[in-house]
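Visitor: In this text, residue positions in the sequence shown follow the working numbering: the first is 13, and each later residue adds one.
Cβ atoms here follow ideal geometry from the backbone N, Cα and C, with glycine treated the same way.
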Amino acid sequence: MRALTAGHTHPLIQFPPALPKVKILRAIMKLLEEAPSLKIQNVHVQGFSGCSDFVGKLTVNDGEAEFEFHWDCRWRAEQEQMLDWWGNPDQARAAREFGYQCFRKFERTR
């Protein structure tokens with residue numbers, strides 16, 4: 013976690029280089045919150061990152077556990093009725109204020 017927070021990679025947290033580290037960090041923070049008893053040794057992240065969302069799958073401990081997720085700051089802005097100057101959902105504000113708590117879905121599938 014320290015490596016990701018500092019903007020670096022770590023061999024126990026695998027993900028494609030095109031995925032933003034900040035979104036990887038949010039997914040892992042949610043994993044730690046949702047599965048506190050899981051003894052995590054390694055995590056592989058697969059996903060697609062858009063402007064306001066991040067959709068994918070976390071594979072933990074070489075397949076011992078899997079989680080599907082959908083982080084969506086636009087959805088969170090809509091839920092909180094946060095609007096920008098033009099009346100659109102203020103996704104940037106939601107991302108700043110809620111960080112990793114913008115998950116629309118975070119579900120263990122294995």
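For D84, count the other beta carbons within 10 Å of its own beta carbon; 16 or more makes it buried, fewer makes it exposed. Which is it?
Guide: Taking the first residue of the sequence shown as 1, we reach residue 84 at position 72. Under this definition D84 is a buried residue.
Visitor: From which residue to which residue does the beta strand (DSSP E) around E80 run?
Guide: For this step, residue 80 is matched to residue 68 along the sequence shown. Where E80 is concerned, the enclosing beta strand (DSSP E) stretches over A77 to D84.
Visitor: Which first and last residues belong to the alpha helix (DSSP H) in which L43 is found?
Guide: Position 31 of the sequence shown, counted from the start, is the residue given in the question as residue 43. First-last of the alpha helix (DSSP H) with L43: K33 to E46.
Visitor: If you count every other CB in all the chains shown that lies within 10 Å of the CB of D96, and 16 or more means buried, which is it?
Guide: In the sequence shown, residue 96 corresponds to position 84, counting from 1. Exposed, since its Cβ has fewer than 16 Cβ neighbours within 10 Å.
Visitor: List the whole-angstrom C-beta distance separating F81 from K33, where the pair is believed to meet the contact cut-off of C-beta under 8 Å.
Guide: By one-based count along the sequence shown, residue 81 stands at place 69. By one-based count along the sequence shown, residue 33 stands at place 21. Their Cβ separation, rounded to whole angstroms, is 16 Å, which puts F81 and K33 out of contact at 8 Å.
Visitor: Under the DSSP definition of a beta bridge, which residues are partnered with K51?
Guide: As a position in the sequence shown, residue 51 is number 39, starting the count at 1. K51 pairs with nothing; no bridge assigned.
Visitor: Three or more C-beta pairs closer than 8 Å, one from the stretch 39-57 and one from the stretch 86-100: is that the case here?
Guide: no
Visitor: Starting from E119, follow the beta strand (DSSP E) in both directions and report where the run begins and ends.
Guide: For the purposes of this step, residue 119 is identified with residue 107 of the sequence shown, where counting begins at 1. From DSSP, the beta strand (DSSP E) with E119 extends over F115 to R120.
Visitor: Here's the rule: buried if 16 or more other CB atoms are within 10 angstroms of the residue's CB, otherwise exposed. What is R38?
Guide: Residue mapping note: residue 38 aligns to position 26 of the sequence shown, counting from 1. Buried, by the Cβ-count rule.
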